[in-house]
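A.B. asks: The structure under discussion is supplied below as structure tokens; questions concerning it will follow.
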Amino acid sequence: MSNPLDELASEYVLGTLPGEQRAEVEQRLQHDPELRAAVDAWEQRLLPLTALAAPVTPSPHLWQRIERNLSGVRTPWWDLLALWRGLAGAGLVATLALAALLLTRPTSIEPTFVVVLVAPQNQAPGWVIQASNNQQIQLIPLGVMEVPADKALQFWTKGDGWQGPVSLGLVKPGQTLSVPLDKLPPLSPNQLFELTLEDPRGSPTGKPTGPIQAIGRAVKVL
Amino acid sequence: MFDYEACLLACARGDQRALRQLYEQDSSHLLGVALRITRDKALAEDVVHDAFIKIWRGAGSFDPARGAARGWVFSVTRHLALNAMRNSYREVPLGDEHEPAAPPEFSTHAGQIHTCLEQLDPARRSCILHAYVDGYSHSEIARKLDTPLGTVKAWIKRSLAALRECMA
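Heads up: the sequence lines are chains A and B, in that order. When you line the first sequence up against our numbering, it's residues 1 to 222, in that order. When you line the second sequence up against our numbering, it's residues 223 to 390, in that order.
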């Protein structure tokens, strides 16, 4: 075996790499298709050897433990690549909405950030957020969104590097809302905003749980 | 035959019954694999727990083009078990109480890997099996076979090369 990459892949799959090197390989696997392919080939070669380990019946509570921990571990929406790929298509819509906003806004207001919130399914713009300073934002509806009688819209934001979204409170459809951000880090470019459908009194977990109604990222306006 | 691809697709859609079916199908095999490596039942169950959570989360990003779904399920579990051993720096004695009843036997199992393993010298074959099935590190194998560490490393390297050639 003259190929060092294949050699690394084979010892990774065999299990003889020390912990540090294992971690390096697992890191590399996420963005190195050549190593990925070599590891996959070795997994398939050696897989039949797993049959040499005799089956062992798990204790009766193992499934319950697994089941208990399933809820809440689905990939959170802010980590969903597919969603962000889809939203990239919203760029044009956002630009048009921005242009309209910039042309119609009173000259006395100088927004430093603008966010267009679009529906994830069809990318229809539903709300605009503007901020004329880093401490206060305005949420402006572009129409009246239909919300089921037993649900409420909850407003969230998440900056790059934050652990998760932070609630900015409940929003009534069609309502223009001023939200102070004084308890949060200053607004930053690319900061995420979204509205989700939650229980009438807001998400019981303090994090978004319901379907996203509108979502967008902050754009700095010069 | 259990349809692993369909099962992962259903998991990706959020269907917990599909995961339960996978559990019924394979939890004892996966626990067996994890237990051989961790040599500790509680730790092995933790590994299987984490593996099922990882499978549930990762089902949506599983790419059938990369290999069989069944292989992926076993690989996820094996690597979690190996990571648990390599990261904890715990030395589990290779004494009798943790020793499998018999050294890994393979002659009764069909498949190309077994044919190719048979062509290896017995000591080298043991290295491969102790590493893959028992999760032994280089130094654990060296101690177990009472062979210098450098020799064990070289044997493993050459045996893997031979296996690759034999299975090509």
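Backbone N, C-alpha and C fix where the C-beta goes; we use that ideal spot for every residue, glycine too. Predicted model, so just to flag it, every value in this text is computed and none were measured.
(1) Among B:T373, B:P370 and B:S348, which has the Cα closest to the Cα of L14 of chain A?
(2) Using 10 angstroms around the beta-carbon of Q130 of chain A, count the other beta-carbons present and answer buried if the total reaches 16, otherwise exposed.
(3) Mind listing the chain A neighbours of V270 of chain B? Cutoff is C-beta to C-beta under 7 Å, in chain order.
(4) I need the straight-line Cα distance from F113 of chain A to L184 of chain A, nearest angstrom please.
(5) Please identify, using Cβ separations under 7 Å, the residues of the segment 23-41 of chain A that lie next to chain B, in order along the chain.
(6) Compare the C-beta of G254 of chain B with all C-beta atoms of chain A and state if any pair is closer than 8 Å.
(7) Does W377 of chain B have its Cβ less than 8 Å from a Cβ in chain A?
(8) Judging by CA-CA distance, which residue of A:A23, A:Q64, A:V25 and A:Q154 is the nearest neighbour of G210 of chain A?
(9) According to the Cβ coordinates, are R28 of chain A and L385 of chain B closer than 8 Å?
(10) For I350 of chain B and chain A, any beta-carbon pair shorter than 8 Å?
(11) Report the rounded CA-to-CA distance for G216 of chain A versus V128 of chain A, giving the unit in angstroms.
(12) Taking C-beta pairs closer than 9 Å, name the residues in chain A that V298 of chain B reaches, listed in chain order.
(13) Starting from the Cα of G280 of chain B, find the closest Cα among B:D268, B:S297 and B:R308 and give me that residue.
(14) Suppose the cutoff is 7 Å on Cβ atoms and the five residues either side in sequence are ignored; what does the same chain contact list for W278 of chain B look like?
(15) Which residue comes first and which comes last in the beta strand (DSSP E) that contains R231 of chain A?
(16) If you draw a straight line from the alpha carbon of R201 of chain A to that of A152 of chain A, how long is it in whole angstroms?
(17) Short check: CB of L139 of chain A to CB of L170 of chain A, under 8 Å?
(18) By DSSP's criteria, E246 of chain B is part of a beta bridge. Which residues make up the other side?
(19) Which residues in the same chain as L342 of chain B place their Cβ atom closer than 6 Å to its Cβ, once the five residues preceding and following it in sequence are excluded?
(20) Using a Cβ cut-off of 8 Å, pull out every chain A residue sitting near A353 of chain B, in sequence order please.
(21) Kindly identify the DSSP beta-bridge partner or partners of L117 of chain A.
(22) Shorter than 7 Å, the distance from the beta carbon of Q243 of chain B to the closest heavy atom of the ligand ZN, or not?
(23) Bridge partners for A152 of chain A per DSSP, in chain order?
(24) Starting from L231 of chain B, trace the alpha helix (DSSP H) in both directions and tell me its first and last residue.
(25) I'd like to know if the segment 29-38 of chain A and the segment 59-71 of chain A are in contact, where contact means that at least 3 CB-CB pairs between them fall below 8 Å.
(26) I need the straight-line Cα distance from T373 of chain B to A353 of chain B, nearest angstrom please.
(27) Tell me, to the nearest whole angstrom, how far the beta carbon of L224 of chain A is from that of Q243 of chain B; I am working on the premise that it is less than 8 Å.
C.D. replies: Let's see:
(1) Stepping through the first sequence from its first residue, residue 14 of chain A is reached at position 14. Taking only the C-alpha atoms, the option nearest L14 of chain A is B:S348.
(2) Here residue 130 of chain A refers to the residue found at position 130 when the first sequence is read from its first residue. Q130 of chain A should be labelled buried.
(3) Indexing the second sequence from 1 puts residue 270 of chain B at position 48. In chain order: P58 and L62.
(4) In the first sequence, the residue the question calls residue 113 of chain A occupies position 113. In the first sequence, the residue the question calls residue 184 of chain A occupies position 184. One C-alpha to the other measures close to 16 Å.
(5) D40
(6) Translated into the one-based positions of the second sequence, residue 254 of chain B becomes position 32. Yes, because at least one Cβ of chain A sits closer than 8 Å to the Cβ of G254 of chain B.
(7) In the second sequence, counting from the first residue as 1, residue 377 of chain B sits at position 155. No, W377 of chain B does not count as interfacial toward chain A.
(8) Along the first sequence, one-based indexing puts residue 210 of chain A at 210. The shortest Cα separation from G210 of chain A among A:A23, A:Q64, A:V25 and A:Q154 belongs to A:Q154.
(9) Taking the first residue of the first sequence as 1, we reach residue 28 of chain A at position 28. Taking the first residue of the second sequence as 1, we reach residue 385 of chain B at position 163. Not closer than 8 Å, so no.
(10) Residue numbering aside, residue 350 of chain B sits at position 128 when the second sequence is read from its first letter. Taking Cβ atoms only, chain A reaches closer than 8 Å to I350 of chain B, which makes this a yes.
(11) As a working note, residue 216 of chain A is residue 216 in the first sequence. As a working note, residue 128 of chain A is residue 128 in the first sequence. Those two C-alpha atoms are separated by around 9 Å.
(12) On the second sequence, residue 298 of chain B is found 76 positions in, with the first residue counted as 1. The premise fails here: V298 of chain B is roughly 10 Å from chain A at the closest Cβ pair, so nothing lies under 9 Å.
(13) On the second sequence, position 58 is the one that residue 280 of chain B refers to. Ranking B:D268, B:S297 and B:R308 by Cα distance to G280 of chain B puts B:S297 first.
(14) What you label residue 278 of chain B is simply residue 56 of the second sequence in a count that begins at 1. Correct list, in chain order: C233 and L241.
(15) Residue 231 of chain A lies beyond the range of chain A shown here (1 to 222); nothing can be said about it.
(16) For the purposes of this step, residue 201 of chain A is taken as the residue at position 201 of the first sequence. For the purposes of this step, residue 152 of chain A is taken as the residue at position 152 of the first sequence. Roughly 7 Å between the two C-alpha positions.
(17) For this step, residue 139 of chain A is matched to residue 139 along the first sequence. For this step, residue 170 of chain A is matched to residue 170 along the first sequence. No.
(18) Within the second sequence, residue 246 of chain B is the residue found at index 24, counting from 1. DSSP lists no partner for E246 of chain B.
(19) Position 120 of the second sequence, counting from 1, holds the residue named residue 342 of chain B. Counting only Cβ-Cβ distances below 6 Å, and skipping sequence neighbours, we find S381.
(20) The residue given as residue 353 of chain B occupies position 131 in the second sequence. The contacting residues are L14, G15 and T16.
(21) Here residue 117 of chain A corresponds to residue number 117 of the first sequence, with the count starting at 1. According to DSSP, which records beta bridges pairwise, L117 of chain A is partnered with A:W127.
(22) This structure lacks the ligand ZN; in fact it carries no ligand of any kind.
(23) Along the first sequence, one-based indexing puts residue 152 of chain A at 152. DSSP output for A152 of chain A lists A:E198 as bridge partner(s).
(24) Walking along the second sequence from the start, residue 231 of chain B turns up at place 9. Note, L231 of chain B: alpha helix (DSSP H), Y226 to A234.
(25) no
(26) Sequence index remark: in the second sequence, residue 373 of chain B carries index 151 (1-based). Sequence index remark: in the second sequence, residue 353 of chain B carries index 131 (1-based). Taking the CA atoms as reference points, T373 of chain B sits about 15 Å from A353 of chain B.
(27) Residue 224 of chain A is absent from the structure shown; chain A starts at 1 and stops at 222.
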